[in-house]
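Reviewing the structure listed below.
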Amino acid sequence: MKAFMDRDAFGRFVGVEAIFIEPGRARMRLDPDDRHRNGLGMVHGGALFTLADMALAAAANSGDHSAVAINANMTFVKPGKKGPLFAEARELSAGRTIAAYAVDVTDEDGVLLATFTATVYRKGKEA
273 MKAFMDRDAF GRFVGVEAIF IEPGRARMRL DPDDRHRNGL GMVHGGALFT
323 LADMALAAAA NSGDHSAVAI NANMTFVKPG KKGPLFAEAR ELSAGRTIAA
373 YAVDVTDEDG VLLATFTATV YRKGKEA
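First residue of the sequence shown: 273, per this note's numbering; consecutive thereafter.
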């Protein structure tokens, strides 16, 4: 788990932390501060997307394959106002080269803030 996060400079820069990473699943945490807020005082949608994308990347790269996103979509349900915030990714299906994932972004009370779906291209075993 630590090795994956150590290799992701952007995730560290934004402040995303891994709670757990296991094959096909991952949970990430973000404690938003003023740098994560938009002009309306809510957690910026880009910060929520990054949190979800980090959970996706961890889950998709947790097994025997390395993977890159080829499509991602986020639907914002409620604004994030305070932290901590969490993103939990789960694998929906996986073939030899394509896999699908769903990620829920929630606040500390488990309230759904956003849903994120993504497709990844599985490149094979990591070198």
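C-beta atoms are modelled at their ideal positions from N, C-alpha and C, and glycine is treated no differently.
In the DSSP output, which residue or residues are listed as bridge partners for residue i?
| i | result |
| --- | --- |
| S334 | Looking at the DSSP assignment, S334 forms no beta bridge with any residue, so it has no partner. |
| M346 | F388 |
| D376 | E360, T387 |
Drop a sphere of 10 angstroms on the beta-carbon of residue i, count the other beta-carbons inside from all chains shown, and report buried for 16 or more, exposed for fewer.
| i | result |
| --- | --- |
| F388 | buried |
| V411 | Here the chain covers residues 273 to 399 and nothing more, so residue 411 does not appear. |
| F285 | exposed |
| S365 | exposed |
| L320 | buried |
| F282 | exposed |
| R299 | buried |
| D325 | buried |
| V349 | exposed |
Alpha carbon to alpha carbon, how far is residue i from residue j?
| i | j | result |
| --- | --- | --- |
| A339 | T322 | 17 angstroms |
| P304 | G313 | 11 angstroms |
| K395 | A332 | 11 angstroms |
| D336 | I293 | 13 angstroms |
| G317 | R368 | 32 angstroms |
| A399 | G311 | Only weak support is given to the placement of A399: the predicted model assigns it a pLDDT of 44, under 50, and the question is left unresolved by the model. |
| L384 | K353 | 12 angstroms |
How about residue i and residue j: are their beta carbons less than 8 angstroms apart?
| i | j | result |
| --- | --- | --- |
| A361 | R301 | no |
| L328 | V375 | yes |
| P356 | E380 | yes |
| A386 | M346 | yes |
| A390 | A341 | yes |
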